[in-house]
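This report refers to the structure that appears directly beneath it.
Protein chains in written order, with my numbering: chain L, 475 to 832; chain X, 0 to 454.
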């Protein structure tokens, strides 16, 4: 579990926005290999979207090869209804960036067969290669997506009846008329979120302090569905100071000290995700399986050898702010003298042509 | 990867305006606007995005400028030397002249208008009206400004409020509707006709005039009260009969009098029921004047035209009119044929000369005012500065309000999805003395830029 505490919602949001941008850049997505991003709606992520849009407009990041999956959508309100999650995403994010509409996935709350819609959604996530990073927020009762208290921790995308207090809370968006608030929603399941290779959660405000406390200081409990994050290999929660009000001083100090130590050692609190360690693991497995006389070559030219740190985490490539050339010392340049290169002919073009008169 | 679609998306014909302020009602709203050059309409962008998975071919950053609906002028007599009331002997010259007017007029931001003919003889209507019907059927941006149908201002008007209308041609509709048919030609009053008149200015106090009003409105012709001696009571009867507009309020009508507020008084009525005691005294004595209790009208207040050129009306009168009925306020130019030409002296009828200095026209270089040649954007600028209102409110008086008056809301005068993509990009600057200047920087018609630089 990574818990990062920032001064205010703005700073917490900025941290996440920067993090997502870094992750996409390092991933270097292409049309064949898009970055698959899970996205939430709600007031907490709004600032994150604002920053992402600004960074896009500044030319820092492109979402052209990003495939998105949204968490949830109401059942039975028109797609163009101002309170639909389609409208939210369009208004706050999609209409301002270069994301391809063909790459966007949001559950259709007006599908003729809702169950089929949910099954298809899970399949689409699988076809896209699984979700690389799932961004989320939580409700004051610790729910993630519309997985209300009591939801199965193994749940998948499905139709969900909203809790009464969620309906009351949402009525402010529907003219305070309870009868107009949708009673059902389609939502990804807890397990759908846990399947993502990385989960990043934003929690801000004193009203969510209890939920944060339940989710990280107590056990896994279906009444606080976010607590399922404890079972994920790479979760990250970014909170503001207000959200820590219910935490023990010891907990806050612990997570703050992790971050301090890490930054003193020259790296941020960014742990490699499965995707990044996966590449390294494959190389290591290959090394272990290969005959002993074969030296690993070329690998360290692409990724510099991590410095020997006390903590067993790798420094990510993008955090070495030097030029490529400076990483290669004359001794390390031996791979260039590899016999492979001898096969390449560097003769002048003219030399390869037989003179016409000959 | 199945979920990633190919990079080369097909051309969609969609233009997206971004970083701009949209005129929505009386406010400026920071939002994007999507239009289609294929349909020539404003798009429901979210639906296009999700349903058709289409994005814009072209994104135009307006740098914070104002994006307004195209302007509508419901009273325009001519442009750039062409007069809608003068039909040359050469038969092709008249329609050709109109086509040139359309191309030039659009540069001022006026994307649709009512070609207006002041009182004329029957023969002139017969010749001119066949060419003045709605001209936007082809939806071709290259055609320029679009006629929405003719406005006939007279000849059924009061001889004592004729203004510059020739007295000799004025008529009285003594035979009711058949008088109108006889004058304009029944084909131009028929709802099935492609050259149907859009709007008629009439003086309701003339014998037979009131009875014509329901017949006109039944044919979807808008009836406007103007050039009239009507009292408050007569004007109220005209509104009850179906008139929905007042032609150039204050001009060519009785002034507001506190005992009889005249035509202007209708703007003081209230359509909503309210607790009002009758203004009639319970016991009447011969010496006490009695007033009809007509301040409560079952009909909505009419729309009204205002010429904000600084010549026809005092700025304060404009402020009063606006305050009395903001959503009925329509700016019109009532511009003459010399409008759109450079300043100078031009030949006029009967060997007279007209001198144009800015918006002002004078006869034979004297002080006699011979009409105005103001542009609609100048009217908006004056209105905004004189009344101390926002640009959105000023723009509303030449877009949304005239569109409502014409029954064209949903097609013209708005930025809602489904409206025609007739647009004006406005530049704004404040001079040293605090005067807010407005400039028409780009004009779009049916989804294409027809004037100004887009880069």
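Where is the CB? At the ideal position from N, CA and C, for every residue including glycine. Remember, it's a predicted structure, so these values are computed and weren't measured experimentally.
Asked: Tell me which residues share the same chain as residue 505 of chain L and place their Cβ nearer than 7 Å to its Cβ, disregarding the 5 neighbours each side in the sequence.; Found: 539
Asked: State the start and end residues of the unbroken beta strand (DSSP E) segment that holds residue 443 of chain X.; Found: 435–444
Asked: How should residue 173 of chain X be labelled, buried or exposed, when 16 other C-beta atoms within 10 angstroms of its C-beta is the threshold for buried?; Found: exposed
Asked: Helix, strand or coil: which one does DSSP assign to residue 782 of chain L?; Found: For residue 782 of chain L, the predicted model reports a pLDDT of 48, less than 50, meaning its position is unreliable and no value from the coordinates is stated.
Asked: Could you tell me whether any Cβ in chain X is nearer than 8 Å to the Cβ of residue 611 of chain L?; Found: no
Asked: Where residue 601 of chain L and residue 590 of chain L are concerned, what is the direct C-alpha to C-alpha distance, given to the nearest angstrom?; Found: 16 Å
Asked: Taking only runs of the alpha helix (DSSP H) that begin and end inside the stretch 57–111 of chain X, which ones reach a length of at least 4 residues, in chain order?; Found: 92–104
Asked: Do you know offhand how far residue 414 of chain X's Cα is from residue 252 of chain X's?; Found: 35 Å
Asked: Reducing DSSP to helix, strand and coil, say where residue 381 of chain X ends up.; Found: helix
Asked: Does the contact criterion of 3 or more C-beta pairs under 8 Å hold for the stretch 27–44 of chain X versus the stretch 414–424 of chain X?; Found: yes
Asked: Taking Cβ-Cβ distances shorter than 8 Å, what residues in chain L pair up with residue 48 of chain X?; Found: 564, 568, 569, 575
Asked: Given that residue 44 of chain X touches chain L, what residues does it touch there, using C-beta distances under 9 Å?; Found: 564, 569
Asked: If we ignore side chains and look at the alpha-carbon of each, how far apart do residue 444 of chain X and residue 421 of chain X end up?; Found: 4 Å
Asked: Listing by chain order, which chain L residues have their CB less than 7 Å from the CB of residue 52 of chain X?; Found: 575, 576
Asked: Tell me, please, whether the stretch 684–700 of chain L touches the stretch 713–732 of chain L by the rule of three or more beta-carbon pairs shorter than 8 Å.; Found: yes
Asked: Establish whether the CB of residue 606 of chain L and some CB of chain X are separated by less than 8 Å.; Found: no
Asked: Could you tell me which chain L residues have their CB closer than 9 Å to the CB of residue 31 of chain X, listed as they occur along the chain?; Found: 569, 570
Asked: Counting contacts by CB-CB distance shorter than 8 Å, is residue 476 of chain L in contact with chain X?; Found: no
Asked: Does the beta-carbon of residue 446 of chain X have 16 or more other beta-carbons within 10 angstroms, so that it is buried, or is it exposed?; Found: buried
Asked: Could you tell me the alpha carbon to alpha carbon distance between residue 616 of chain L and residue 644 of chain L, rounded to whole angstroms?; Found: 16 Å
Asked: Would you call the stretch 697–705 of chain L and the stretch 610–624 of chain L touching, i.e. three or more CB-CB distances under 8 Å?; Found: yes
Asked: So if DSSP puts residue 714 of chain L in a beta bridge, which residue, or which two residues, is it bridged to?; Found: L:480
Asked: When the cut-off is 8 Å and only beta carbons count, does residue 597 of chain L lie next to chain X?; Found: no
Asked: Between the Cα of residue 523 of chain L and those of L:566, L:557, L:651, spot the shortest distance and give me the residue it belongs to.; Found: L:566
Asked: Keeping to the same chain, check which residues put their C-beta closer than 8 Å to that of residue 724 of chain L; ignore five residues upstream and five downstream.; Found: none
Asked: Would you report the Cα separation of residue 499 of chain L and residue 535 of chain L, rounded to the nearest angstrom?; Found: 8 Å
Asked: Does DSSP put residue 181 of chain X in a helix, in a strand, or in coil?; Found: helix
Asked: With hydrogens ignored, establish whether the beta-carbon of residue 311 of chain X is closer than 7 Å to any heavy atom of the ligand GTP.; Found: Among the components modelled here there is no ligand, and therefore nothing to report on the ligand GTP.
Asked: Would you say residue 520 of chain L faces chain X, with C-beta separation under 8 Å as the test?; Found: no
Asked: Would you call residue 142 of chain X buried or exposed, if buried means 16 or more other Cβ atoms sit within 10 Å of its Cβ?; Found: buried
Asked: Hey, how far is the Cα of residue 641 of chain L from the Cα of residue 49 of chain X?; Found: 27 Å
Asked: Under 7 Å between beta-carbons, which chain X residues line up against residue 553 of chain L? List them in chain order, please.; Found: 49
Asked: Would you tell me roughly how many angstroms separate the C-alpha atoms of residue 298 of chain X and residue 239 of chain X, rounded to the nearest one?; Found: 7 Å
Asked: Going by C-alpha distance, which of X:159, X:112, X:345 is nearest residue 151 of chain X?; Found: X:112
Asked: On the CB-based measure, 16 or more other CB atoms within 10 Å of its CB, does residue 436 of chain X come out buried or exposed?; Found: exposed
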